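Heads up, the thing below is written out as structure tokens.
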Amino acid sequence: MAQVYNPQEIEKKWQQRWAADHIYEVDEDNRRPKFYALTMFPYTSGDLHIGHWYAMAPSDVYARFKRMQGYNVLHPMGFDAFGLPAENAAINHGIHPYDWTMQNIENMRRQLKSMGAIYDWNREVITCLPDYYKWTQWFFLKFYHAGLAYRAKAPVNWCPKCQTVLANEQVVGEGICERCGTLVTKKDLEQWFFRITKYAEELLDHSHLDWPERIKTMQRNWVGKSEGAEISFWLEHEGIEQKCIKVFTTRPDTIFGVTFLLLAPEHPLVSQLTALERKAEVEEYIAWCRRQTEYDRLSLGREKTGVFLGSYVLNPLNGERVPIWITDYVLPTYGTGAVMAVPAHDERDLEFARKFKLPVRVVIAPPDWSGEELTEPYTEAGTMVNSGEFSGLPSERGYEAICALLEEKKWGKRTVIYRLRDWLISRQRYWGAPIPIIYCDKCGIVPVPEDDLPVLLPPDAEFKPSGESPLKYCQAFVNTTCPKCSGPARRETDTMDTFMCSSWYFLRYTSPETRDAPFDAAKVKFWLPVDLYTGGAEHAVMHLFYARFFIKALRDIGLVDFDEPFARLFNQGTIIYRGDKMSKSRGNVIAPDEYVTELGADAVRGYLMFVGPWELGGEWNDSGIVGISRWLNRVWNLVTTNYTPVCRDVIGPEDEKEFLHIIHKTIKKVTADLGKFRFNTMLASLMEFTNYLSKVKESGVVSDSLWREAINYFLLLLAPTAPHLAEELWARSGRPYSIHNQAWPEYDNELAREEEITLIIQVNGKLRDKVVVPASISEAEAKELALGRKRIQTYIDGKKLINVIYVPKRVVNIVLAPMQPE
RNA sequence: GCCGAGGUGGCGGAAUGGUAGACGCGGCGGACUUAAAAUCCGCUUCCCUCAAGGGAGUGUGGGUUCGAGUCCCUCCCUCGGCACCA
């Protein structure tokens, strides 16, 4: 038997034993309350780095904690296995994406197993296998039949490097591709969309979700709800069909201040509304706009640009003639692509008016307005002026009155619009689930019949990116027969966004073996919703948003009976290394393997929890981990070397009492900290406990039985954090296998309570003395004691006592009169 | 520009409005050793002092309070998100 702590040996041993005994396998056992603890599954990039461990190890600790607390815990793991890097690897290294992905999974699974988590590997889910993506395709068909999937031509985000379209959510920061950082361009393409906008309103509702405020805010901003009115401005133009231009405004109360109308350069009426003599100038401007990148166009702080079309509309409320301009700050995709400009009350419109010397008319008076021109736009509510019959009304009432009038006269109506666009799910790439659609010259768009699923990804496709789907060139795949008329037909060659795959994987974990359905409905009913979902915040408006949409759609289709997938969400922070987020693309990854080999998985787990609060992340520091490793060694020595009480007739009852107090105080603290994900302070209190145990051991002042009890509690508290070491020490001290099937210790509140406290004595708020007193001390006793202290006397001497403040069990503050100046 | 998180020793970080710096790293000193490593023990915010003791101190400047790292206001910096959305 090894006498020194040898993590390599014991970790391997227990991992094999746990697997052989199936101790972490889970079933729908109703005797214990269920708890679904889910960690975002990793993309199969090749290696897990310390950043992955930071997401996974603490969540495993929490899942183990809940398990010991008596919950029936489902804590599964799988792989998000479709995606571009697999293809890029294929292109760069000549290996098939399937082989690359499966090799990576092999390696990552090995790494994950070395962590010693409670994953039930029978439930593993791999999204790129036909058993799985068959159902991803099946959901597409369900959405199609429910009217939630449609095909449309639209200007879409195009990544020239990835050679594929991207969803709006995948364009980040300054208009760059979320995956590769390339500047995204626009392309007009026929694509498949999911009608996520149908759920815009419901997606705004986070009222039953225990989620971080900032994620909820980001989702709300992403939906971008605006309430206002759509108003028709009459066209004063001969010879065109349209009688009016519709604008959207959130401030119908400012309509009397409209001094020009703005259209997006892409607005369909622009060419018809351009006066002959302005044609050249307008066309030149439009051409200039086209040359601007999306990012340039949306960036703030650039000078306003635009041209006058040479035509006019009439303001329906006052009949005024209003010139029509085009400008690139009006976006064709938002609202109606047309804006009524009110320069007095909108910053951008004012800038535009000043640049082009257009009139500015105040129609909402600020509270103390003198009637002068405003130097800056006034965008708040106020009193309406220069507004005909509405003048004098508070603008909030004017808003209502004008809307009512517009609706009565049918000049406009109240409207709500959203910034959210439908979810573009087509990708012109190989390594994804094929969209199960067939195009027939006779029958048009025909969905693949359910029985024909999966539409298998042909293994032999040429997948070099060409800007078109690689599947297009795979004749055996493309050519098929129409399911309706049996005539010759072509398959859709685009694949689905991989976020489709990750929108339902958490359902599959409940029943991965199910063959005739995506999941076993009873098991989903048992386990879902996920009780705790942990992962990085980078998915706020992507994965987390899509998954919510998916569940709402499945609910409406009748496949699930709940509204939200993730009841509670927790975002861990980011692991920084060399000043940057650790990631393979940044080339600053630290592999856990060498640390696991050298110091053990328990040490790596422990160190990651010790760097700081989980939600804040932290800097990976090589030298920090040795602290945890040394501590685990001390733990080993503490438990494996014999304790012998000193030879005394009776072991002092006072010492035993204090010992019990420390034990229960520690249980209380560790339990509370684990519940709050405060792993760093939990470890600190376990360390303090071991420091205390060492002292006790040295002095031998407790009985043998109490010592054993303390070790017993300590190992139970250690078990979630260092599962291997705890199991080994548990076994070595003759306790029954397995520690991980033991109940979490309960603390005795009486014993955990402090009996003695250090009373702080302050004079005028400054610490001057401290004294240890029984916790039961009364106010009068405490004050008397404080005033009687020798050291305090020297401060009080000769000064006037104004007040004595007593804070129970904490402080006596003696307030003296300030010194009179001479 | 707006929203959110954060700013505390040499470093990572602790602190229900009540002892600032728990716990760990690093450093210094000591024990063990022929020696080193490992381990163990002690010290370690800064300044004055042999010491006892005293003073200063949680990004900046104010305020509230008997008492502020913590609450309020001002400003500065770092990180994350959003950003011409009518």
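With my numbering applied, the first sequence corresponds to residues 82 to 903, in that order. Built from N, CA and C at the ideal position, the CB exists for glycine as well. None of these values were measured; they are calculated from a predicted model.
With DSSP collapsed to three states, give me the class of residue i.
i, result
"P528", "strand"
"M121", "coil"
"P902", "The predicted model places P902 with a pLDDT of 42, which falls under 50 and marks its position as unreliable; any figure quoted below should be read in that light. Correct three-state label for P902: coil."
"M577", "strand"
"Y51", "Any answer about residue 51 is impossible in this case: the structure gives the chain only from 82 up to 903."
"G869", "helix"
"M82", "Any answer about M82 is weak, because its pLDDT of 41 lies below 50 and its placement is not dependable; what the coordinates show is given next. Coil."
"T408", "coil"
"E92", "helix"
"N173", "helix"
"E384", "coil"
"C370", "helix"
"V107", "coil"
"I516", "coil"
"L650", "strand"
"A101", "helix"
Based on the DSSP secondary-structure assignment, which residues constitute the bridge partners of residue i?
i, result
"S307", "I498"
"R232", "W273"
"M465", "I445"
"Q843", "L848 and N894"
"G493", "I312"
"Y658", "D661"
"Y393", "P404"
"S507", "M577"
"W181", "Partner(s): none; W181 has no beta bridge."
"R572", "I519"
Quick one, which of the options has its alpha-carbon nearest residue i's?
i, options, result
"L713", "P114, Y794 and P804", "P804"
"D161", "A514, A856 and V853", "A514"
"I841", "M581, R872 and L552", "R872"
"N884", "K851, N845, R849 and Y614", "N845"
"F795", "T752, T562 and T266", "T752"
"K847", "I886, E809, S592 and P241", "I886"
"I820", "V852, L806 and D829", "L806"
"P610", "V622, F587, P599 and M623", "F587"
"L810", "L689, M768, T762 and R715", "R715"
"A482", "L537, G568, I336 and G548", "I336"
"D503", "E364, S780, W99 and K279", "K279"
"Q272", "R204, Y231, Q300 and R301", "Y231"
Could you spell out the range, first to last residue, of the alpha helix (DSSP H) harbouring residue i?
i, result
"K778", "F760 to S780"
"P139", "I131 to M149"
"A753", "P734 to G756"
"C484", "S476 to K490"
"F437", "Unbroken run through F437: none, as it is neither H nor E."
"L713", "I706 to T721"
"T340", "From DSSP, T340 is part of no alpha helix (DSSP H); its letter is neither H nor E."
"V783", "From DSSP, V783 is part of no alpha helix (DSSP H); its letter is neither H nor E."
"N399", "Run containing N399: none; DSSP gives neither H nor E here."
Could you spell out the range, first to last residue, of the beta strand (DSSP E) harbouring residue i?
i, result
"A621", "Premise fails: A621 is in no beta strand (DSSP E) and is neither H nor E."
"I883", "L882 to V888"
"F329", "C325 to T330"
"L247", "T245 to L247"
"A419", "A419 to A422"
"L552", "Looking at the DSSP string, L552 is not in any beta strand (DSSP E), and its letter there is neither H nor E."
| task | Determine, using beta-carbon pairs with one atom in the segment 187 to 198 and one in the segment 480 to 496, whether at least three such pairs fall under 8 Å. | result | no
| request: Assess, as a yes-or-no matter, whether the segment 466 to 477 is touched by the segment 281 to 299 under the definition of 3 or more beta carbon pairs within less than 8 Å. | output: no
| On the three-pair Cβ rule with 8 Å, is the segment 437 to 446 touching the segment 291 to 310? | As far as the Cβ criterion goes, the segment 437 to 446 does not touch the segment 291 to 310, which means the pair count is below three.
| Can at least three beta-carbon pairs, one atom from the segment 173 to 187 and one from the segment 552 to 569, be found at a separation below 8 Å? | no
| query | Counting pairs of Cβ atoms below 8 Å between the segment 110 to 117 and the segment 150 to 165, do you hit three or more? | reply | The segment 110 to 117 is in contact with the segment 150 to 165.
| request: Report yes or no: do the segment 129 to 136 and the segment 634 to 647 share at least 3 C-beta pairs separated by less than 8 Å? | output: no
| field | Sufficient close CB pairs (3 or more, under 8 Å) joining the segment 135 to 151 to the segment 810 to 826 | value | yes
| request: Decide yes or no for the touch test of the segment 736 to 756 against the segment 690 to 700: beta carbon pairs closer than 8 Å, at least 3 of them. | output: The way I'd put it, the segment 736 to 756 doesn't touch the segment 690 to 700; fewer than three beta-carbon pairs between them come closer than 8 Å.
| Between the segment 396 to 405 and the segment 222 to 232, do three or more beta carbon pairs fall short of 8 Å? | no
| Counting pairs of beta carbons, one from the segment 233 to 252 and one from the segment 267 to 280, are three or more of them closer than 8 Å? | yes
| request: Indicate whether the contact test is met: 3 or more Cβ pairs, each with one atom in the segment 521 to 534 and one in the segment 213 to 225, closer than 8 Å. | output: Contact between the segment 521 to 534 and the segment 213 to 225 is present, because at least three Cβ pairs lie under 8 Å.
| query | If we count Cβ pairs, one from each stretch, closer than 8 Å, do we get three or more for the segment 375 to 390 versus the segment 428 to 435? | reply | yes
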